[in-house]
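A.B. asks:
Residue numbers (the working numbering): 17 to 326.
(1) Check whether the Cβ atoms of residue 243 and residue 214 sit closer than 9 Å, and answer yes or no.
(2) Considering only C-alpha positions, which residue in the set 138, 241 and 295 is nearest to residue 269?
(3) Quick one: residues in its chain with C-beta nearer than 8 Å to the C-beta of residue 99, no 5 flanking neighbours on either side, listed in chain order?
(4) Considering only C-alpha positions, which residue in the set 310, 194, 209 and 172 is nearest to residue 229?
(5) Since I believe residue 323 is in contact with residue 149 (beta carbons under 8 Å), could you give me their beta-carbon distance rounded to a whole number of angstroms?
(6) What is the DSSP secondary structure of residue 43, reduced to helix, strand or coil?
(7) Give the DSSP bridge partners of residue 219, in chain order.
(8) Would you mind giving the Cβ-Cβ distance between residue 246 and residue 209, rounded to the nearest angstrom? I have them listed as a contact below 8 Å.
(9) Using 9 Å as the threshold, is the C-beta distance between residue 281 and residue 217 below it?
(10) With a cut-off of 8 Å on the beta carbons, I'd call residue 144 and residue 123 a contact; round off their distance for me.
(11) Determine which residues share a DSSP beta bridge with residue 248 and list them.
(12) Counting only runs that start and end within the segment 128-152, where is the alpha helix (DSSP H) found for 4 or more residues in a row?
(13) Using 8 Å for Cβ pairs, my map puts residue 189 next to residue 223. What's the rounded Cβ distance?
(14) Check whether the Cβ atoms of residue 184 and residue 286 lie closer than 9 Å to each other.
Below, the structure written as structure tokens:
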């Protein structure tokens, strides 16, 4: 580290140490919050070496959940953005199709998630900044509750995999039935089938659940016995997508259909994807869990430090 950086870091540590006396707050916190990251890290290291764990923990919580001064209160702004998107979706998407397809209205989920995020990050930010024990306890309790809820859902999903698959199957069936009734739902199904290279839930004949693609002789639709174009295997060099590539496919057997579409159902493809990406799934789960655990542990340490000073 350069001499200038060491000097600046020393000044910051001294300011932070002055803040350690609650009767005379000093400039430590305000000084640190406006420093570049390359100066903050050595300061936090020196604070921990000097035994000022309460200051170290406080700044860690603040930077994690309140954001840096260059991006003020980013988590709170992000959570409010989620709420705004949810409210907009709730106002714009009030169709019976959406309510009939999803277990819970996605717009309501966005609003609830945004409100919870704002509440938790607000408690963490203000609680760490003002050293407010009540807010820190609320932050720790809320974060623990969210973490345990996620853990319980993961465990239940693992041990009740058949029930989870059946529940997803019911959702996909409703999505297929309402495929032509809602553009967003149609785009969702097309995206899933393209990305997973699958068609239907069990297989491509599931598209007979849809009124337009139904393969019974009484169906007058021009799309009778067809599947959406998102089921079709892409032709190399094709500039324009042939949206009629899946016409009449339901009348073919599996081998014949496999020449032009993805004949495998999305249920099997999803299982195959999970099995082949276990490392990625584990990394995502760990990346989601670690910040929450860190927030819980750091907040409890800070609460203990504040209580010891009282």
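Quick reminder that beta carbons are idealized off the backbone N, C-alpha and C, glycines included.
C.D. replies: The short version:
(1) As a working mapping, residue 243 is identified with position 227 in the chain shown. As a working mapping, residue 214 is identified with position 198 in the chain shown. Going by C-beta atoms, residue 243 is not nearer than 9 Å to residue 214.
(2) What you label residue 269 is simply residue 253 of the chain shown in a count that begins at 1. Nearest to residue 269 by alpha-carbon distance, out of 138, 241 and 295, is 241.
(3) As a first step, residue 99 must be located in the chain shown, where it is residue number 83. Cβ neighbours of residue 99 beyond the five flanking positions: 126, 127, 130, 131 and 134.
(4) For the purposes of this step, residue 229 is taken as residue 213 along the chain shown, with counting starting at 1. The shortest Cα separation from residue 229 among 310, 194, 209 and 172 belongs to 194.
(5) Residue 149 sits at position 133 when you count from the first residue of the chain shown. Residue 323 sits at position 307 when you count from the first residue of the chain shown. At roughly 7 Å, the Cβ-Cβ gap stays under 8 Å, so residue 149 and residue 323 are in contact.
(6) Counting from 1 along the chain shown, the entry for residue 43 is found at position 27. Confidence in residue 43 is poor, its pLDDT being 40 and thus under 50, which makes the residue's placement unreliable; the coordinate value appears in the next sentence. Here residue 43 sits in coil by DSSP.
(7) Locating residue 219 in the chain shown gives position 203, where the first residue counts as 1. Its beta-bridge partners are 280.
(8) Locating residue 246 in the chain shown gives position 230, counting from the first residue. Locating residue 209 in the chain shown gives position 193, counting from the first residue. Right, the Cβ-Cβ distance comes to about 4 Å (below 8 Å), so this counts as a contact.
(9) The residue you call residue 281 lines up with position 265 of the chain shown. The residue you call residue 217 lines up with position 201 of the chain shown. Yes, these two residues count as a Cβ contact at 9 Å.
(10) Numbered from its first residue, the chain shown carries residue 144 at position 128. Numbered from its first residue, the chain shown carries residue 123 at position 107. Not quite, the Cβ-Cβ distance comes to about 32 Å (not below 8 Å), so this is no contact.
(11) Within the chain shown, the letter at position 232 stands for residue 248. BP columns for residue 248 point to 277.
(12) none
(13) On the chain shown, position 173 is the one that residue 189 refers to. On the chain shown, position 207 is the one that residue 223 refers to. With a Cβ gap of about 11 Å, residue 189 and residue 223 do not count as contacting.
(14) Taking the first residue of the chain shown as position 1, residue 184 is located at position 168. Taking the first residue of the chain shown as position 1, residue 286 is located at position 270. A contact, by the Cβ cut-off of 9 Å.
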